[in-house]
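Listed in order, the protein sequences are those of chains W and E.
Counted from 1, the first sequence has number 66 at position 66 by the UniProt record's numbering; the numbering is strictly sequential.
Counted from 1, the second sequence has number 62 at position 62 by the UniProt record's numbering; the numbering is strictly sequential.
Heads up, the beta-carbon is just placed ideally off N, CA and C, and yes, glycines get one too.
Just so it is clear, the structure is predicted and the values come from calculations on it, not from any experiment.
Remarks on the structure that follows.
Protein chains: 2
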Amino acid sequence: MSTPDRLIESTRELLWERGYVGTSPRAIQQRAGAGQGSMYHHFSGKPDLALAAITRTAEEMRAGVEEILGGPGTAVERVSAYLRREREVLRGCPIGRLTQDPDVMADPALRRPVEETFAWLRDRLAEVLAEGRDLGELDAGLDPGATAATIVAVLQGGYVLARAAGTPEPFHQAVEGVLALLSHP
Amino acid sequence: MSTPDRLIESTRELLWERGYVGTSPRAIQQRAGAGQGSMYHHFSGKPDLALAAITRTAEEMRAGVEEILGGPGTAVERVSAYLRREREVLRGCPIGRLTQDPDVMADPALRRPVEETFAWLRDRLAEVLAEGRDLGELDAGLDPGATAATIVAVLQGGYVLARAAGTPEPFHQAVEGVLALLSHP
DNA sequence: GTCTATAGTGTGATAGAC
DNA sequence: GTCTATCACACTATAGAC
C-alpha cells in the first residue's frame, strides 16, 4: 500500500472513531507510519486528507448498498436484507457520524459527499419501496419517500441507541420493529 | 443568574453545538463571562462541568417527554404528539449527539446520564404502546419494546438526515413515515 | 519523497495575589 | 470568589536539508 493510501486509510479510521475535530494530523501520521513531511507532501492539510477519506468511505457505502438493493428478491426481501445486513453496530455509521461534526458541516467540500450519500440512499430505497407498492407487495397507500426516510432514520438512530446502551441490542430491536410495521398490514 | 449557573448554561450550549471534544474551557468561560480562576473555583475541570451540564439537560428532556406521554389522550395520540412536537431539528438532540463523542462514552460518569435517559425513554414509550395495544388501539401482535426502539431511533436518525440535508424536511418525513406505518393497519 | 526543526496558537490546568 | 500569570503540552502548518 502506498503512503498516500495508508494516510487515507488512517484518516478514515480516525474520522470514524473520533470524528474530524478529534482527529489530529499527528495521530494520522503515526497510524499510517508516515512522517509529517510526507503527509504535507501528498496532501495540503487536514481538510484535504479528510475529503479523500470521506469520499472513499461514501463510495464504498454506496457500492455496498447497491449490491443488496439492486440484487435479486422482492422489494420487502431486499429492504429486509439491507436492514439486517451484518454491521459493526457499536462503531456507528462512518458517514452519519460526520453529521455531528460542526467543522465538517461548515466546509462545503466536506459536507457535499455526506449530503449526496444520504440523498442517494433515500432515493434508492424509495424506488425499491415504490416498486413493492406497485406490485401489491406493500400497502397501496404507502408513501415511498417518507417510508424511505423512516428506514434510513431507524438505522442512523439505531446506532445512537446502541452506543448509548453500550450494546447492539436496541439497534436490532429498532430494525425488527420497523420491519414488523412494514410487513404486517 | 449565578456564576456557576452561567458556566453550566454555557457548557450546555457548547456541548450541543460542538460536542465535548470541540468545547474548550476557554470558550465556556468567555460565553459565561467568567474568568479562569472563577471556573476552576466552582468546578474541578472540564469533566466536572460537563457532568453538571449533561445532568441538567437530561433532567429537562425527561420532564418534557413526561409532560406529553403522561398527559391526556389515547396512546397513539400521545405518541404522535411526542413525535410531532416542535423541535430545533437542525440543532440535533443535545443528548443523542453525546453518543458520538468518544471522550464522553469513555467516562463512566459522563456516560451514565446518556445511557439512563435513553433507557428510560424507551421504557416509557413501550409502556404507552403496550397500553394502546391492550386497549385494541394498536395491532395485537405489536411488540412494545421493539416499536419503542424504532420510534426513538426514527427521531435520532431524523436529526442525522436533517443535518445531512441541511433542512428539517427529512426529519418530518421520517416521523410521518413511521406514524403512517403505526396507525395504518 | 521523506526527514527534522521550528513556529504560532490553543488547551487544560495550577499558583498565588487580591 | 475572582483575578492575572504561568505551565507543559498538543495542534496545524511551514521551512529547508537530505
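Whose C-beta lies closer than 8 angstroms to the C-beta of residue i among residues of the same chain, with five residues either side of it excluded?
i, result
"V76/W", "G132, E137, L138, L182, S183"
"G47/W", "Per the sequence shown, the amino acid found at residue 47/W is Pro instead of Gly. The residues are D107, A109, L110."
"V128/W", "L69, A75, R78, V79"
"V65/W", "Y82, L121, R124"
"G35/E", "Q29"
"R56/E", "I8, R12"
"T3/E", "A32, A34, S38, H42"
"R91/W", "W16, E17"
"R6/W", "A32, G33, A34"
"V152/W", "F118, L121, R122, L125"
"T150/W", "V178"
Decide if residue i is buried, meaning its Cβ has at least 16 other Cβ atoms within 10 Å, or exposed.
i, result
"P108/E", "exposed"
"D134/E", "exposed"
"R97/E", "buried"
"residue 218/E", "With chain E covering 1 to 185 only, the question about residue 218/E has no answer from this structure."
"T167/E", "exposed"
"P72/W", "exposed"
"E176/E", "buried"
"G33/E", "exposed"
"M1/E", "exposed"
"G45/W", "exposed"
"A63/E", "exposed"
Tell me whether residue i sits in a helix, a strand or coil according to DSSP, three-state version.
i, result
"P168/W", "coil"
"residue 199/W", "A query on residue 199/W cannot be resolved here, the shown segment of chain W reaching from 1 to 185 and no further."
"T99/E", "helix"
"P4/W", "helix"
"G73/W", "coil"
"R163/W", "helix"
"E176/W", "helix"
"R84/W", "helix"
Using a Cβ-Cβ cutoff of less than 7 angstroms, which residues in the same chain neighbour residue i once the five nearest sequence positions on both sides are dropped?
i, result
"M61/W", "I95, T117"
"L179/E", "S80, L83"
"A148/W", "R122, L125, A126, L129"
"A58/E", "I95, P113, T117"
"A53/W", "I8, T11, R12, L15"
"L51/W", "A109, L110"
"A159/W", "At residue 159/W the sequence reads Tyr, which differs from the Ala that was named. Correct list, in chain order: V89, G92, C93, G96, F171."
"G145/W", "A126"
"A174/W", "V154, G157, G158, L161"
"P25/E", "M39, K46"
Got a sec: does the ligand COA put a non-hydrogen atom nearer than 7 angstroms to the Cβ of residue i?
i, result
"G22/E", "This structure lacks the ligand COA, and indeed carries no ligand of any kind."
For residue i, collect the residues of the same chain with a Cβ closer than 6 angstroms to its Cβ; drop the 5 residues on either side in sequence, then sort them by chain order.
i, result
"P170/E", "L161, A162"
"G19/E", "D101"
"S10/E", "I28, R31, A32"
"L142/E", "R133"
"V104/E", "Y20, L98, L110"
"R85/E", "none"
Checklist line | Every unbroken alpha helix (DSSP H) within the region 102–159 of chain E, with a cutoff of 4 residues, ordered by chain | finding: If one requires a minimum length of 4 residues, the alpha helix (DSSP H) runs lying completely within the region 102–159 of chain E are 102–105, 108–134, in chain order.
Item checked: beta strand (DSSP E) runs wholly inside the region 9–71 of chain E, at least 3 long, in chain order -> None, since the region 9–71 of chain E contains no complete beta strand (DSSP E) of that length.
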